[in-house]
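Residues in the sequence shown are numbered consecutively from 95, following the working numbering. Backbone N, C-alpha and C define an ideal beta-carbon position, used for all residues, glycine too.
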Amino acid sequence: MTCHALRTLVLAALLPLAACARQPEQTPVERTQTNEQGCTRQRSVGPQDAYADPAPLKQACVGPYLLELPQNYFDNQIGTEHDGSFALALEYPSLQPFKPGERKSFNKDVFARTFSINYSYVDRIDVHQSLRNAYTPMEFERDDPAASLKLRLQGEEVHGLVPYYADMERIRAYLRARGLADDAPGMQDRSHRDWYVARDRNGDIQTIVKCTSRGVTESGVRFSEGRMIRSEESELPECDHFFILPEYRIRARVTYVRAALKDWHRIEQRAGELLVGSISKK
95 MTCHALRTLV LAALLPLAAC ARQPEQTPVE RTQTNEQGCT RQRSVGPQDA
145 YADPAPLKQA CVGPYLLELP QNYFDNQIGT EHDGSFALAL EYPSLQPFKP
195 GERKSFNKDV FARTFSINYS YVDRIDVHQS LRNAYTPMEF ERDDPAASLK
245 LRLQGEEVHG LVPYYADMER IRAYLRARGL ADDAPGMQDR SHRDWYVARD
295 RNGDIQTIVK CTSRGVTESG VRFSEGRMIR SEESELPECD HFFILPEYRI
345 RARVTYVRAA LKDWHRIEQR AGELLVGSIS KK
């Protein structure tokens with residue numbers, strides 16, 4: 095046998111061994127996950143069935159609080175994401191969860207009547223300050239009419255909220271002074287939001303809702319047989335609603351179409367009760 099043939103035979107024998115050596119060891123799937131505040135949740139491992147009815151309970155953590163909810167309450171209708179993050183999604187105006195799997199066949203009507211809820215545990219600053227940050231301009235924004243309550247147009251009470259409308263005349267003047275043209279982004283009504291606030295007995299803001307400017311007159315939705323559906327209008331005005339649960343050090347953010355603003359208090363109450371009622375007693 096020649097040296098070349100011998101070398102080829104040896105290499106052929108070693109190659110399978112080398113391939114085996116390169117294969118990493120299988121890492122066991124972690125069945126629990128613990129966050130910084132010590133909350134440990136059971137993870138969902140393997141394929142998940144969003145259409146399972148009744149929907150199985152899934153766990154999620156918000157700070158130190160362990161929540162247990164049927165999986166159809168979650169935005170993706172199967173539970174938390176792999177890193178433990180999550181949002182809840184309920185249907186407006188019923189404020190009830192979607193049927194199992196209903197959000198998997200996502201369409202414009204489902205999108206229009208969805209209101210989503212995100213909870214954040216606040217442990218590095220005062221929880222009241224976390225809400226103030228939602229309406230207090232940063233240093234570089236102090237002269238920006240869109241970033242400050244005092245530079246907005248206060249209006250008459252709407253649905254139990256005091257509106258602070260975007261002052262588009264002042265905003266456009268502010269942007270022009272910085273060299274922006276009249277057709278630049280930020281010059282249009284749809285680029286800015288009106289703010290609506292509710293105050294407590296001491297006059298402190300306890301709720302703030304930021305909605306598409308009143309200059310956008312379309313609602314983007316209509317009702318059919320008691321259900322909200324998407325209209326043929328091009329715009330779909332929306333709102334971001336912020337409030338806190340001080341005793342739990344949690345700030346909540348709820349997003350919904352502007353047409354639901356009239357039910358802001360009912361939505362806020364539902365979002366708060368849903369969190370508290372879902373905390374595991376184990």
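Endpoints, the alpha helix (DSSP H) within which residue i is located
| i | result |
| --- | --- |
| residue 152 | That residue, residue 152, is in no alpha helix (DSSP H); its beta strand (DSSP E) goes 151 to 156. |
| residue 204 | 202 to 206 |
| residue 267 | 262 to 270 |
| residue 221 | 221 to 226 |
Limits of the unbroken beta strand (DSSP E) element including residue i
| i | result |
| --- | --- |
| residue 335 | 332 to 339 |
| residue 372 | Note, residue 372: premise wrong, no beta strand (DSSP E); alpha helix (DSSP H) at 358 to 372. |
| residue 183 | 182 to 185 |
| residue 162 | 159 to 164 |
| residue 322 | 321 to 324 |
| residue 304 | 299 to 306 |
| residue 317 | 315 to 318 |
| residue 258 | 256 to 259 |
| residue 131 | Note, residue 131: premise wrong, no beta strand (DSSP E); not H, not E. |
For residue j and residue i, the rounded distance between their alpha carbons
| i | j | result |
| --- | --- | --- |
| residue 366 | residue 136 | 23 Å |
| residue 166 | residue 139 | 17 Å |
| residue 343 | residue 217 | 7 Å |
| residue 302 | residue 320 | 28 Å |
| residue 173 | residue 211 | 14 Å |
| residue 226 | residue 299 | 8 Å |
| residue 190 | residue 183 | 9 Å |
| residue 147 | residue 200 | 18 Å |
| residue 282 | residue 235 | 19 Å |
| residue 152 | residue 161 | 8 Å |
| residue 179 | residue 154 | 8 Å |
| residue 364 | residue 373 | 15 Å |
| residue 241 | residue 229 | 7 Å |
| residue 143 | residue 149 | 9 Å |
| residue 104 | residue 124 | Any reading at residue 104 must be qualified, since the residue scores a pLDDT of 46, below 50, and its modelled position is unreliable; the value itself is stated next. C-alpha separation (whole angstroms): 41 Å. |
| residue 156 | residue 215 | 6 Å |
| residue 260 | residue 268 | 13 Å |
| residue 361 | residue 264 | 33 Å |
| residue 347 | residue 164 | 21 Å |
| residue 386 | residue 132 | Outside the displayed range of the chain (95 to 376) lies residue 386, so it cannot be described from this structure. |
| residue 326 | residue 371 | 38 Å |
| residue 349 | residue 128 | 28 Å |
| residue 284 | residue 266 | 13 Å |
| residue 168 | residue 274 | 42 Å |
| residue 318 | residue 272 | 46 Å |
| residue 251 | residue 238 | 24 Å |
Same chain, Cβ closer than 8 Å to residue i, five either side skipped, listed in chain order
| i | result |
| --- | --- |
| residue 145 | 194, 195, 198 |
| residue 256 | 248, 249, 290, 291, 292, 293 |
| residue 206 | 314, 315, 322, 323, 324, 330, 351 |
| residue 126 | 134, 135, 136, 137 |
| residue 306 | 284, 287, 288, 329, 331, 332, 333, 352 |
Proximal residues to residue i (C-beta, below 7 Å), its chain only, five neighbours per side dropped
| i | result |
| --- | --- |
| residue 254 | 292, 359 |
| residue 357 | 187 |
| residue 294 | 300 |
| residue 221 | 338, 340, 343, 345 |
Reduced DSSP category for residue i - H, G, I as helix; E, B as strand; rest coil
| i | result |
| --- | --- |
| residue 353 | helix |
| residue 288 | strand |
| residue 375 | coil |
| residue 342 | helix |
| residue 167 | helix |
| residue 192 | coil |
Close beta carbons around residue i, own chain, < 6 Å, minus the five adjacent residues each side
| i | result |
| --- | --- |
| residue 280 | 269 |
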